[in-house]
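K.L.:
Sharing a structure with you now.
In the numbering used here, the protein residues as written are 3 to 505.
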């Protein structure tokens, strides 16, 4: 007998150890919503389909008022209760094929009578679309976590009173592939989600569209398999977290991602875009909110300088302004982009006053030929060529007018000036032998307020003339050449020296 009792206890322990937990909800039958036949303030239509199930209900105000149900005892999954009120409904057992789904035709359900989820349980896997769509009064107080997989798109769409709790951040979403519109219109939801493993997700379109308070850091999400982020943050009124670390290299559609969104945290110039990606209305706006001039300019700059940025993209940027004309034009000319409805704003133009490109010097028939290019000029009047034998005391030897129309240019302009070596000697610099400089070439791109210095090594004679500026004999010396841009106000916008190695 003792052996039998022990065996029974052991079996019971195993059964209890693997016992499933129920799904518990709270409903208020006074919240009329369904238009299905028989709908009233005494009905609760469960949005279930497939398989069998059983459970019970109890009136919260009158616990003595209660009952049980099974899938076979209900007609069209409708529970009829004795009177209007608030009821706790528990589903305690389900058969194969069972699932819960409000669906895309919510009027056929009592979705607005559903007030609360107090326990998720573990009876089934939540893997359907529109599971709580349009449950306007729904709140989730359950501290356990649901089992999620596959397509959970539109899960809480238009759940305008959903606030949730900290347990959301512990949800295991590693098997979820579709989160489209998951919190679309969930106006007050603002729970942390940074712990989510989103590596399997392919669709995040509309996910936080229309949210009004969500502003949690999700910049660490794994987005490498996401292919669409269409309207993901459209009209979001609070989200402004950094997303510059996201991998969007497989995203084919970014249409409207931040349209009319307040997002303005940082540049997205670090994103490597996919060939042919759709960018219509990506950063555009019709209400004036969104990315400011500095962040938009830096976004354009990052894409312009990224060799992997695709050609031929069309960027929607209504009401966006930029100050970086160089990057804007580089995307349009070199990468054949179309940038729609963006406007230049000189107030945030961070483009260098002059951006020097190639600078070189060479000896041609006894003359010193200096050549340089500029990639952009702002408010430019002319260039001053100065020379020095010590890098400290400078002598202006030439003035070259700017070729920029009205002083502004975003095109490459080429300049050259020839210095006669005899005139240099008359100026007080005795030249005996000058090194050939045909290969001396420096690149100075996008340097703000920097005049490019070309230092030409020369051998001076062992003696100086009385007119020489030098006060003592120097066997070997360096000649410095400085090119300085002067703006229309007469301001010199460069004072940096670069010393060349003696040749």
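Glycine included, each C-beta is placed from N, C-alpha and C at the ideal position.
Remember, predicted model here, so these are calculated numbers, not experimental data.
In whole angstroms, give me the CA-to-CA distance for residue 437 and residue 493.
P.N.:
Low local confidence applies: a pLDDT of 33 at residue 437 is under 50, so the model's placement there is unreliable, and no value is given.
K.L.:
In this structure, how does DSSP classify residue 26 when only helix, strand and coil are distinguished?
P.N.:
Here residue 26 sits in strand by DSSP.
K.L.:
Quick one: using the 10 Å Cβ neighbour count with 16 as the cut-off for buried, is residue 62 buried or exposed?
P.N.:
The residue is exposed, with fewer than 16 neighbouring Cβ atoms inside 10 Å.
K.L.:
Which value, in whole angstroms, describes the spacing of the CA atoms of residue 290 and residue 27?
P.N.:
The alpha-carbon atoms of residue 290 and residue 27 are separated by roughly 42 Å.
K.L.:
Rounded to the nearest angstrom, what separates residue 316 and residue 87 at their Cα positions?
P.N.:
Distance between the alpha carbons of residue 316 and residue 87 is about 56 Å.
K.L.:
Which of the three DSSP states, helix, strand or coil, is assigned to residue 47?
P.N.:
Here residue 47 sits in strand by DSSP.
K.L.:
Compare the C-alpha of residue 487 against each of 395, 422 and 388 and name the closest.
P.N.:
When each option's Cα is compared against that of residue 487, the closest is 388.
K.L.:
Residue 318 bridges to which residues according to DSSP?
P.N.:
In DSSP, residue 318 forms a bridge with 342.
K.L.:
Under the three-state reduction of DSSP, which class applies to residue 509: helix, strand or coil?
P.N.:
The first residue shown for the chain is 3 and the last is 505, placing residue 509 beyond what the model contains.
K.L.:
Determine the extent of the alpha helix (DSSP H) in which residue 307 is found, giving its start and end residues.
P.N.:
Residues 295-307.
K.L.:
Mapping the DSSP letters down to three states, classify residue 229 as helix, strand or coil.
P.N.:
Correct three-state label for residue 229: coil.
K.L.:
Using the three-state DSSP reduction, which class does residue 478 fall into: helix, strand or coil?
P.N.:
Note that residue 478 has pLDDT 38, beneath the 50 cutoff, so the model's placement of it is unreliable and the number below is only indicative. Coil, per DSSP.
K.L.:
So does the stretch 224-239 actually touch the stretch 194-207, counting three or more Cβ pairs closer than 8 Å?
P.N.:
A contact exists between the stretch 224-239 and the stretch 194-207.
K.L.:
Applying the 10 Å Cβ sphere with the 16-neighbour rule, what's the burial state of residue 468?
P.N.:
Caution applies to residue 468, whose pLDDT of 33 falls short of 50 and renders its modelled position unreliable; the value that the coordinates give is listed next. So residue 468 counts as exposed.
K.L.:
Which whole-angstrom value describes the C-beta separation of residue 330 and residue 348, a residue pair presumed to lie in contact below a C-beta threshold of 8 Å?
P.N.:
No, residue 330 and residue 348 are not in contact; Cβ-Cβ is about 13 Å, not under 8 Å.
K.L.:
How big is the Cα-Cα spacing for residue 195 and residue 254?
P.N.:
Roughly 24 Å between the two C-alpha positions.
K.L.:
Helix, strand or coil, according to DSSP, for residue 236 in the structure here?
P.N.:
Of the three classes helix, strand and coil, the one that applies to residue 236 here is coil, per DSSP.
K.L.:
Which residues mark the beginning and the end of the alpha helix (DSSP H) in which residue 331 is found?
P.N.:
Element bounds for residue 331: 327-335.
K.L.:
Mind reading off the beta-carbon distance from residue 256 to residue 281? Whole number of angstroms is fine, and I expect it under 8 Å.
P.N.:
5 Å between Cβ atoms; contact.
K.L.:
Since residue 403 and residue 419 should fall inside the 8 Å C-beta cutoff, what is the C-beta to C-beta distance between them, to a whole number of angstroms?
P.N.:
About 11 Å; that fails the 8 Å criterion.
K.L.:
What's the C-alpha gap between residue 368 and residue 481?
P.N.:
Computed Cα separation, rounded: 16 Å.
K.L.:
Residue 286 and residue 319: beta carbons closer than 7 Å?
P.N.:
Against a cut-off of 7 Å, the Cβ pair of residue 319 and residue 286 comes out as a contact.
K.L.:
What is the DSSP secondary structure of residue 376, reduced to helix, strand or coil?
P.N.:
Three-state DSSP puts residue 376 in a strand.
K.L.:
Taking the beta strand (DSSP E) that residue 121 falls in, what are its first and last residues?
P.N.:
Segment 116-121, the beta strand (DSSP E) holding residue 121.
K.L.:
With which residues is residue 61 paired in a DSSP beta bridge?
P.N.:
The partner list for residue 61 (beta bridge, DSSP) reads 89.
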